[in-house]
Amino acid sequence: MKNKTIGIIGNGLMGKGIAQVFANNGHKVLLFGRRAGFGVEVENYLRHEQKQERLSKEEFESIMNNLSFCSIVEDLCSISSLDVVIETVAEDREVKRNIFSSISNYLNDSAIVATNTSSMSVTELGSFVNKPERFLGLHFFSPVPMMDLVEVVKGLRTDDYTVEKALELMEGISKTAFVVVDSPGFVLNRMLVPMINEAVLLYWEYYRGRPEVIDEIMKKGMNLKVGPLKLADLVGIDVIYHSMKSIYDLTLDPKYRPCNGLKQMISAGFTGKKAGKGFYEY
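Position one of the sequence shown corresponds to residue 0 (numbering that gives the first Met the number 0), numbered consecutively onward.
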């Protein structure tokens, strides 16, 4: 697939990571954020990645050449050459609805619109755009530059053409993509979050202050690269909590009910690596 013009809405950890991957593979990327001047933060993030030797100097320069920024939705949507828009904002139905409703009138007829939601209904979110057949889920995993997997979520009204083009796009950025059913939590999170929730329960009941005990047992016993508590820190404890709550609200299955320990940590601001503290300190 030839290089595309990619619009990404949201400049949090996921938005920056997705923008980095597309820009590093030659696509022109327009990153949308709420605040003016956020591009400096993104550049600083990329410089940090270079300093940590996760990016070469050449890759940094290539990404910055392919990356531009805007803080007004209309600026993002006025670009007639926009091929794909990916939304990466918080897991809030009304916020997403407002975004999709706002951009629909500006997109060209062939543009593909995607959500990076980890647990919300892609079919429902697709109802907020003018062409739901061109809407699907592209569920990337954090940290995006390092994680190979993408779940391509086909909503009930997503057409086969859109899925085919999405798979080509993922192949072009060297991601392994699987088409999954639009069900609560899709596949990976549906199986992952109960394990993390149980690890959190064990931590609070028996191993408080010693997360490495749980993590090392799971790493050695299941041949994992990272334990569940460390993974929760990397993903974001708030993200894990909201994913669980969303799946629980949709299924009413008690195994998806987030434990109180997660909520307490969020209230304290201990949301993981991005906050400098979660189950571990950074």
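All C-beta atoms in this analysis are idealised placements derived from N, C-alpha and C, irrespective of residue type, glycine included.
Here the structure is a predicted model, which means the values were calculated and not measured.
In this structure, the straight-line span from the alpha carbon of Leu148 to that of Ala165 is close to 14 Å. For the 9 Å CB-CB criterion, Ile17 and Ile111 do not form a contact.
At the C-beta level, Thr87 and Gly11 come within 9 Å of one another. Here Glu86 is bridged, per DSSP, to Ile8, Thr114.
If you draw a 10 Å sphere on the C-beta of Asn259, you find fewer than 16 other C-beta atoms in it, and that means exposed. Out of Ala89, Leu81, Glu167, the CA that lies nearest to the CA of Asn107 is found in Leu81. With a threshold of 16 other beta carbon atoms within 10 Å, Pro253 falls short and is exposed. Glu52 carries a coil assignment under DSSP once its states are collapsed to helix, strand and coil.
Taking Pro183 as reference, the option from Gly235, Lys153, Arg209 with the minimal CA-CA separation is Lys153.
In terms of CA proximity to Glu167, Val151 leads the group Lys218, Thr157, Leu155, Val151.
For Val128, the closest alpha carbon among the candidates Ile98, Phe139, Lys224 is that of Ile98. For Glu90, the number of other beta carbons within 10 angstroms of its own is at least 16, and it is reported as buried. Here DSSP, grouped into helix, strand and coil, assigns Ala176 to strand. Between Ile172 and Ala231, the beta carbon gap of about 26 Å keeps them out of contact (Cβ cut-off 8 Å). Closest option to Gly32, judged by alpha-carbon separation, among Gly9, Arg256, Phe21: Gly9. Where Gly136 is concerned, the enclosing beta strand (DSSP E) starts and stops at 134-139.
Of all alpha-carbon atoms in Tyr247, Tyr240, Lys273, Ser245, the one lying nearest the alpha-carbon of Lys262 is that of Tyr240. Taking a C-beta distance under 9 Å as the contact criterion, Val83 and Gly25 do not qualify as a contact pair. Per DSSP, the beta bridge partners of Lys153 are Val180.
Comparing C-alpha distances from Phe140 to each of Lys15, Lys3, Thr4 shows the shortest one belongs to Lys15. Thr175 is classed as exposed because its beta carbon has fewer than 16 other beta carbons within 10 Å across all chains shown.
With contacts defined as CB atoms closer than 9 Å, Leu135 and Thr161 qualify as a contacting pair.
Rounded to whole angstroms, Ala22 and Met145 show a C-alpha spacing of 15 Å. Annotation for Glu132: Arg156, Asp158 place their beta carbon closer than 6 Å to its own, counting only its chain and skipping 5 residues before and after. A direct Cα-to-Cα measurement between Tyr281 and Lys272 gives close to 6 Å. Around the beta-carbon of Gly226, 16 or more other beta-carbon atoms lie within 10 Å, marking it buried.
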